[in-house]
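Accompanying notes for the structure given below.
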Amino acid sequence: MKRTTEKHRMDWNGHLLEITYEPKWLPASIVGEDFVYLQVRSIYPTDAPLPIAPNGFYSHALPLSIITAAGGPVDYIDVMLEAETQLAA
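Per our numbering, the very first residue in the sequence shown carries number 182; after that it's consecutive.
Listed below in structure tokens is the structure:
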């Protein structure tokens with residue numbers, strides 16, 4: 182199976198973030214549900230701390246259903262950043 186990777190960029194509070202998304206990282210035949218691989222890093226400022234990643238880099242495998250429910254990888258990261266910002270306040 183050939184893997185595909187998507188790259189997205191978003192601005193979040195003056196930070197330019199790069200989101201790398203691999204939609205079929207781990208197929209359902211292995212764990213019963215499709216898993217995706219998601220990476221986020223601050224590219225400007227470089228490696229700036231983020232609420233979800235104090236070192237400026239976030240990497241996680243997640244069920245596809247979570248990403249789909251959020252509206253896609255960019256929306257998922259936006260929701261996570263907002264939620265963590267609210268928790269820190």
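Backbone N, C-alpha and C fix where the C-beta goes; we use that ideal spot for every residue, glycine too.
Query: Taking the alpha-carbon positions, what's the T201 to A209 distance?; Result: 21 Å
Query: So within the region 188-262, which uninterrupted beta strand (DSSP E) runs reach at least 3 residues, ignoring any that extend past its ends?; Result: 196-207, 216-225 and 238-244
Query: Classify V260 as buried or exposed, calling it buried when 16 or more other Cβ atoms lie within 10 Å of its own Cβ.; Result: exposed
Query: Does the region 225-233 come close enough to the region 245-257 to have 3 or more Cβ pairs within less than 8 Å?; Result: no
Query: Are the CB atoms of I233 and I258 nearer to each other than 9 Å?; Result: yes
Query: Run the CB neighbour count on L268, radius 10 Å, all protein chains shown included, and call it buried at 16 or more, exposed below.; Result: exposed
Query: With burial defined as no fewer than 16 other Cβ atoms inside 10 Å of the residue's Cβ, what is the status of R222: buried or exposed?; Result: buried
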